[in-house]
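In my numbering, each residue carries its 1-based index in the sequence shown increased by 1208.
Contents: one structure, followed by commentary.
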Amino acid sequence: MELIDRLANVDTNYIAIALIVVFFSLEQILGTQFNFKKRPQHLLQNLPFYLIFFFANFAWAVFVVFSIEWLNDNQIGLFYYMELPIWLKLILGVAMIDMVTYWFHRMAHNIPAVWRFHRVHHSDTSMDSSTYFRGHPIEVFLWFGISNIVAAGLFGLDLMTLGLYFVIATPFFVIEHVNLKFPKWLDKTLGWVITTPNQHKVHHEQDEHYTNSNYADIFILWDRIFGTYKYKNPEKLNLGLKEFNHPKKQTFWYLLKSPFIDINK
């Protein structure tokens, strides 16, 4: 259990940055799934989102820790009423956080006020590993950040479970956006349970029929259970959103203000 505790306390920023360095380098060397130019400029437009997240997360983490500790002190949540071994609580806990995040992600596509912020992530018409960075800070903290507290309150999850979830989920967050070719047999084997890069890229398809699908981060099983799973040949995908298909609308400053303006002008 000491090993699990140490693993749960790993700073996922190091994991994310290491993966970005590796996969962004591979994207420059290997044959990519989608061709596009000006990759360094693309990285520089996405990077400021991560810098905002990195510094603002210190303050937000205090709020999350306080909230979950309060829930734990008051023994709020389903698992407090069940006798389960600690290892099973951890496994189920990670799965339940992923399920709650699935529903928050799904709502982000269906609640217009939230979609205005979430579409910033979907705006990337030339997706690569740095797309992991692209997420409006208001959405990241005030929407998906709250989902973790909701999951803890519903199921009685502690900070170790949340930490373990992010250690497991962070590689998925990065690799799902990598601009490399992944074999289709992954989708037909592991893809029955976990989310593969090809399956997540369907979620970034311009066609709304596919955009509103494949919401899960770790377990694509949630999409299969709740009827939102869809598949499209990865070689025929058109990425991004049509309303952002202009160079000026791919810049950091435009994306940051886009939830507050009429982007159709």
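Heads up, the beta-carbon is just placed ideally off N, CA and C, and yes, glycines get one too.
Discussion item. Does the contact criterion of 3 or more C-beta pairs under 8 angstroms hold for the segment 1457-1465 versus the segment 1412-1424?
Written reply: No, because fewer than three Cβ pairs between the segment 1457-1465 and the segment 1412-1424 fall closer than 8 angstroms, the two stretches do not touch.
Worksheet entry | Span of the alpha helix (DSSP H) around ALA1424 | Residue numbering aside, residue 1424 sits at position 216 when the sequence shown is read from its first letter. According to the DSSP assignment, ALA1424 belongs to no alpha helix (DSSP H), since it is labelled neither H nor E.
Item to complete: Return yes when the Cβ of PRO1405 is within less than 8 angstroms of the Cβ of ILE1433, no when it is not.
Response: As a first step, residue 1433 must be located in the sequence shown, where it is residue number 225. As a first step, residue 1405 must be located in the sequence shown, where it is residue number 197. No, they are not a contact pair.
Worksheet item: In chain order, what residues of the same chain have a beta carbon less than 8 angstroms from the beta carbon of SER1421, not counting five sequence neighbours either side?
Response: The count along the sequence shown starts at 1 and reaches residue 1421 at position 213. Cβ neighbours of SER1421 beyond the five flanking positions: VAL1410, HIS1411, ASP1431, THR1436, TYR1437, LYS1438.
Item to complete: Answer yes if the segment 1336-1353 comes into contact with the segment 1281-1297, meaning at least three C-beta pairs across the two stretches below 8 angstroms, and no otherwise.
Response: Touching, no, given that fewer than three Cβ pairs across the two stretches are closer than 8 angstroms.
Discussion item. Less than 6 angstroms between C-beta atoms, sequence neighbours within five positions excluded: which residues of the same chain meet that for ILE1357?
Written reply: For the purposes of this step, residue 1357 is identified with residue 149 of the sequence shown, where counting begins at 1. SER1275.
Discussion item. Using 8 angstroms as the threshold, is the C-beta distance between PHE1360 and GLY1285 below it?
Written reply: Here residue 1360 is taken as the residue at index 152 of the sequence shown, counted from 1. Here residue 1285 is taken as the residue at index 77 of the sequence shown, counted from 1. With the sequence shown as reference, residue 1360 is identified as Ala, and Phe is not the correct amino acid for it. Yes; because the gap between Cβ atoms is below 8 angstroms, this pair is in contact.
Item to complete: State buried or exposed for SER1233, treating a residue as buried only when at least 16 other CB atoms are found within 10 Å of its CB.
Response: Taking the sequence shown and counting its residues from 1, the one referred to as residue 1233 is at position 25. Counting Cβ neighbours within 10 Å, SER1233 comes out exposed, since fewer than 16 surround it.
Worksheet item: What does a CB cutoff of less than 6 angstroms around ALA1377 pick up in its chain, not counting 5 residues either side in sequence?
Response: Translated into the one-based positions of the sequence shown, residue 1377 becomes position 169. Only ASP1425, ILE1426 meet the Cβ criterion.
Worksheet item: Alpha carbon to alpha carbon, how far is ILE1428 from TRP1278?
Response: Within the sequence shown, numbered from 1, the residue matching residue 1428 stands at position 220. Within the sequence shown, numbered from 1, the residue matching residue 1278 stands at position 70. When rounded, the distance between both Cα atoms is 31 angstroms.
Worksheet item: What number of angstroms, rounded off, separates the C-alpha of LEU1445 from the C-alpha of ILE1294?
Response: Indexing the sequence shown from 1 puts residue 1445 at position 237. Indexing the sequence shown from 1 puts residue 1294 at position 86. The alpha-carbon atoms of LEU1445 and ILE1294 are separated by roughly 42 angstroms.
Worksheet item: Quick one: Cα of PHE1261 to Cα of LEU1238, how far?
Response: Here residue 1261 is taken as the residue at index 53 of the sequence shown, counted from 1. Here residue 1238 is taken as the residue at index 30 of the sequence shown, counted from 1. Looking at the two C-alpha atoms, the distance is approximately 30 angstroms.
Item to complete: Just tell me which of GLY1371, LEU1388, ILE1469, ASN1441 has its CA closest to the CA of ALA1269.
Response: For this step, residue 1269 is matched to residue 61 along the sequence shown. When only C-alpha atoms are compared, the closest one is GLY1371.
Discussion item. Using a 10 Å radius around the Cβ and a threshold of 16 neighbouring Cβ atoms, would you call THR1397 buried or exposed?
Written reply: Along the sequence shown, one-based indexing puts residue 1397 at 189. It counts as exposed.
Worksheet item: Hey, how far is the Cα of ASP1219 from the Cα of PHE1374?
Response: In the sequence shown, residue 1219 corresponds to position 11, counting from 1. In the sequence shown, residue 1374 corresponds to position 166, counting from 1. The straight-line gap from Cα to Cα measures roughly 9 angstroms.
Worksheet item: The alpha helix (DSSP H) with ARG1314 in it runs from where to where?
Response: The residue labelled residue 1314 in the question sits at position 106 within the sequence shown. In the DSSP assignment, ARG1314 falls within the unbroken alpha helix (DSSP H) covering 1294-1318.
Item to complete: Measure how close the beta-carbons of GLY1301 and LEU1365 come, nearest whole angstrom, since I'm counting them as under 8 angstroms.
Response: Position 93 of the sequence shown, counted from the start, is the residue given in the question as residue 1301. Position 157 of the sequence shown, counted from the start, is the residue given in the question as residue 1365. In this structure, GLY1301 and LEU1365 form a Cβ contact; the two beta carbons are roughly 5 angstroms apart against a cut-off of 8 angstroms.
Fill in: Backbone CA spacing between PRO1379 and ILE1223 [nearest angstrom]
Here residue 1379 refers to the residue found at position 171 of the sequence shown. Here residue 1223 refers to the residue found at position 15 of the sequence shown. So the alpha carbons of these two residues sit roughly 7 angstroms apart.
Worksheet item: Just the Cα atoms here: how many angstroms apart are MET1304 and ILE1346?
Response: One-based indexing of the sequence shown puts residue 1304 at position 96. One-based indexing of the sequence shown puts residue 1346 at position 138. Approximately 24 angstroms, taken between the alpha carbons.
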